[in-house]
Amino acid sequence: MGLRGESAPILLLFLLLFACCHGRIVKVPEGPLVRVEGTEVVIPCNVSQYDGPSEQNFDWEFSTDTTQNSKFVHVVSTWDPWFTSTEYQRRVNNNEITLRRNSNDAVELVIGNIYPSDQGMYRCTTPSTDAVVQGNYNAVVEVKVIADGLTVSGSKARATSTWNLSEGDAFQLRCSASTNSSEHTHLYVSWEFKNGLAWQEILSLTHDGKFQSGLEYSERYISGDVRLDAMANDIYRLSVSQALPTDEGAYRCRVSEWVKGADGSWQKIQEKTADVANVVVQPTALGVFITRSNVTVTERESLDLTCNFTTDRSGIFQAEVTWYFSDSPEDTLAEAQILLSADRDSVISDSTLISLSHVDRSSYHLLIRDVSLEDSGYYFCQAALWVPQHNGSWHKVAERTSLPVSVDVLAVEPNYNVFLSASKTPKFAEDPTELECRITEAQNTEANLRFTVSWYYRLPLRSDEVVKDQLLATMDADWTLVVGDRSKQRAQNGEIIFSKPTVDTFRLRIQWTSEADRGDYYCVISSWSRQRNNSWIKIKDVASMPLSILWSTQGPVFNVSVHSDRTTIYRGELVNLFCIITIEGAVLDLDDMSFDVSWFAMRSIAMDRDPVFLASLDRKGIVIQARRNGSSDVSLERIAPLEFRLRLHGCEDQDFGNHYCLVTPWVQSAAGVWQQEMEIKSKPILVTVKMDVLNAFKFPLLIGVGLSTVIGLLSCLIGYCTSRWCCKKEVQETRRERRRLMSMEMD
-16 MGLRGESAPI
-6 LLLFLLLFAC
4 CHGRIVKVPE
14 GPLVRVEGTE
24 VVIPCNVSQY
34 DGPSEQNFDW
44 EFSTDTTQNS
54 KFVHVVSTWD
64 PWFTSTEYQR
74 RVNNNEITLR
84 RNSNDAVELV
94 IGNIYPSDQG
104 MYRCTTPSTD
114 AVVQGNYNAV
124 VEVKVIADGL
134 TVSGSKARAT
144 STWNLSEGDA
154 FQLRCSASTN
164 SSEHTHLYVS
174 WEFKNGLAWQ
184 EILSLTHDGK
194 FQSGLEYSER
204 YISGDVRLDA
214 MANDIYRLSV
224 SQALPTDEGA
234 YRCRVSEWVK
244 GADGSWQKIQ
254 EKTADVANVV
264 VQPTALGVFI
274 TRSNVTVTER
284 ESLDLTCNFT
294 TDRSGIFQAE
304 VTWYFSDSPE
314 DTLAEAQILL
324 SADRDSVISD
334 STLISLSHVD
344 RSSYHLLIRD
354 VSLEDSGYYF
364 CQAALWVPQH
374 NGSWHKVAER
384 TSLPVSVDVL
394 AVEPNYNVFL
404 SASKTPKFAE
414 DPTELECRIT
424 EAQNTEANLR
434 FTVSWYYRLP
444 LRSDEVVKDQ
454 LLATMDADWT
464 LVVGDRSKQR
474 AQNGEIIFSK
484 PTVDTFRLRI
494 QWTSEADRGD
504 YYCVISSWSR
514 QRNNSWIKIK
524 DVASMPLSIL
534 WSTQGPVFNV
544 SVHSDRTTIY
554 RGELVNLFCI
564 ITIEGAVLDL
574 DDMSFDVSWF
584 AMRSIAMDRD
594 PVFLASLDRK
604 GIVIQARRNG
614 SSDVSLERIA
624 PLEFRLRLHG
634 CEDQDFGNHY
644 CLVTPWVQSA
654 AGVWQQEMEI
664 KSKPILVTVK
674 MDVLNAFKFP
684 LLIGVGLSTV
694 IGLLSCLIGY
704 CTSRWCCKKE
714 VQETRRERRR
724 LMSMEMD
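Here the sequence shown stands for residues -16 to 730, where the numbers follow the numbering used here.
This is how it looks when you write it as structure tokens:
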């Protein structure tokens, strides 16, 4: 408690001191402010630590007397329109002197064109809005106006002229800048360039003697390609050692004058520019082309191409040439393969089968020995020109790429025939079958050639349907065997064996031939050529004649056909379709045969639509019908041991199309076991549905005639009755007087 009582007076004293120090503060820049005659002058003023509204008002006054007892003249105010004195009324009305508010507590006095008579003291005053008057309410700054002593001009010899340069040429631009200011000022000299809408900085010498480069020229400044030299007689020279196409445009010199203020900071007091020159850079003309157009060369021969270039450049330069290869003419350089290159020092990259020779200064010869099929494609070359720079480095002035040349490498095809024979043929089921595929009459074969085989099976046809060939096995270029789906399981079990007993012979052996193996077999011999990268490319396929593997058998051969009582019907009528089965070969008892019969339709003449299921009758007599959307119906029955009838009742337009049947025979063996035979498909028969015009319009016509007759009789009856009873009226004749004419004599 004692300590707290002793500290109370000290705290009160501290608060009183703080209250005395706290108050309104008005600030202007520390003077004097040195400004150049004829330039714009901006004097800021702000206020802080004030009470009242947030937006403060400001009054500006001027005095030519720099003493403390100077008399100030009203210039301009933010809140009183009648504040301005008479001598400043014209300049304020013409906006030569304005106030620019930056915030609620800061304004700027802007004098658009300052005169020597404007030199003096400027006072910024803020009217009081505080509850207690404390602090300062105005601040004064001195402004000194000096004469314009800055002169800026371009080169006298070529002022604002046009410079026509070639790419890679050196050029120098000169700018003269000086000042005779009475104050101690520094110059800031900057070279600028424009080839569009905006000027961009090239290189500058700042007022504190430092070099500063623009963003686009930093690398060229570091390499020494772009320099700024301060020379005698106030000359500032811009030097460019190698002109680029991007250097084409307008150049100017921008000079600003800076003075150090009372606070030690540098202030820019004026700025001037001078247009120096317009530079036109002619790009180096470079044409690159290959002497040959489309080229055809035979495998194992040599391919030679020559890349030539033309240029209008004279003097010292070096060429760099690179050859490219691509599979497509649309490939870019990044996607293409580099074959060989010769740099500007004529150093050629190494390759075993490809060589590049320098024929003369503008010709480079490409030679590829022992070409292969993989060398087919598109070849093009790229040439680049390099010129030396002043610092010993080299600069690329032009680069062009030739149009691609198509090269087609023709394979040396061997001539050979293929013969397929059967060394073992089955006479009964379960007998072995052995086929040999042999290469005969081979010519133009060489060490880099290899032969492989592919085995195919073709199902024997019992109808007009086309069955695709089935792949049994094939060999890759490295003699790797790939087994097809038909024979994969049997090959794994060792029932089918594929072998190559000799160089020109391939063998297929079926250990136990089954009924499913009956059919046609053929082989295809493929020739492969080895490439330089040890890969193989197929160049030719030769197929053998098919060989049939059949033997006499006690099973019957079934055929099926479709017939109809008529193929053109009218809507609503009945059509009968018959599926008739015939048997060839061995004669069987009808009780030993049974059939599954299915009917399908395709709603198209071209047979290009998916079949639609109609009905089926299995060998047990069970009938299945498809759900139908129309009013027509179908029925399927067996009318004879080998004949089945499909009836379409009440045919509609949707019944138009091709109809066929599928039959699966079942045969009972002597042991009493039922065996399923191959499915047989009949030829399709077209059913055309037409509309009966007479029957279609018969009932509508009768109904129309009847209704017309009834309506006519009814109309006549209504008219008669109306006239008889409803419209009758009594008519009285007007009595006429009959008088004789009197004679005229009596009159």
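Glycine included, every Cβ here is placed at the ideal spot set by N, Cα and C.
In this structure the region 84 to 94 touches the region 20 to 32; the number of beta carbon pairs closer than 8 Å is three or more. For the region 25 to 110, the continuous alpha helix (DSSP H) assignments of 4+ residues that do not extend past its boundaries occur at 69 to 76, in sequence order.
P228 carries a helical assignment under DSSP once its states are collapsed to helix, strand and coil. G232 is the residue among G232, T49 and I552 whose C-alpha sits nearest the C-alpha of N147. Judged by pairs of C-beta atoms under 8 Å, the region 220 to 235 does not touch the region 187 to 196, as fewer than three such pairs exist. The DSSP-derived three-state label of I588 is coil. The shortest C-alpha to C-alpha distance from Y347 to any of L368, T335 and W306 is the one to W306. Along the region 559 to 620, the beta strand (DSSP E) occurs as fully enclosed runs of 3 or more residues at 576 to 585, 595 to 600 and 606 to 608, listed in sequence order. Distance from I351 to L336 at the Cβ level is roughly 6 Å; contact confirmed, criterion being Cβ atoms closer than 8 Å. Of the other Cβ atoms in all chains shown, fewer than 16 fall within 10 Å of the Cβ of W462; this residue is therefore exposed.
Taking the Cβ atoms as the reference, I564 lies roughly 20 Å from F596, outside the contact range of under 8 Å. Boundaries of the beta strand (DSSP E) around Y643: G640 to Q651.
Remark: C-beta atoms of K255 and V238 approach each other more closely than 7 Å.
Considering only M576, I552 and I520, the residue with the shortest C-alpha distance to G538 is M576.
Taken through DSSP and simplified to helix, strand or coil, I299 comes out as coil. Annotated three-state conformation of D548 is coil, per DSSP. Going by beta carbons, R628 and N559 fall inside the 7 Å limit. V570 is positioned such that its CB atom lies no closer than 7 Å to that of V646. Sequence-distant partners of Q102 (beyond 5 residues in either direction) whose C-beta falls short of 8 Å from its own C-beta, in its chain, are T47, V126, K127 and V128. Within the same chain, S161 come within 6 Å of T134 by CB-CB distance, once the 5 residues on both sides are set aside. Residue burial is scored here from C-beta neighbours: A215 has fewer than 16 other C-beta atoms within 10 angstroms and is therefore classed as exposed. In this structure, W174 is the residue among A325, T274 and W174 with its C-alpha nearest to the C-alpha of D258.
Counted as a single uninterrupted DSSP element, the beta strand (DSSP E) harbouring I185 occupies residues Q183 to L188. DSSP assignment within the region 387 to 459 yields the following whole beta strand (DSSP E) runs of 3 residues or more, N-terminal first: 388 to 393, 398 to 407, 416 to 426, 432 to 441 and 453 to 458. When rounded, the separation of the alpha-carbon atoms in L418 and F411 is 17 Å. Within its own chain, the residues whose Cβ lies closer than 6 Å to the Cβ of S187, once the five positions on either side in sequence are excluded, are S173 and Q195, listed in chain order. Rounded to whole angstroms, the Cβ separation of L356 and A394 is 6 Å, and the two are in contact under 8 Å. If you draw a 10 Å sphere on the C-beta of Y643, you find 16 or more other C-beta atoms in it, and that means buried. DSSP places T463 outside both helix and strand once states are collapsed to three, so it counts as coil. Going by DSSP, K471 is part of the alpha helix (DSSP H) stretching over K471 to Q475. By alpha-carbon distance to S206, the top candidate from Q372, I422, L454 and S406 is Q372. Bridge pairing for K251: W241 [DSSP].
Selection E424, E382 and V392 evaluated against N400 yields E424 as nearest (Cα-Cα).
Counting the other CB atoms within 10 Å of its CB gives S615 a total of 16 or more, which places it among the buried residues. If you look at I331, you'll find it isn't in any alpha helix (DSSP H); DSSP assigns it neither H nor E. Boundaries of the alpha helix (DSSP H) harbouring S201: S201 to S206, taken from the DSSP string.
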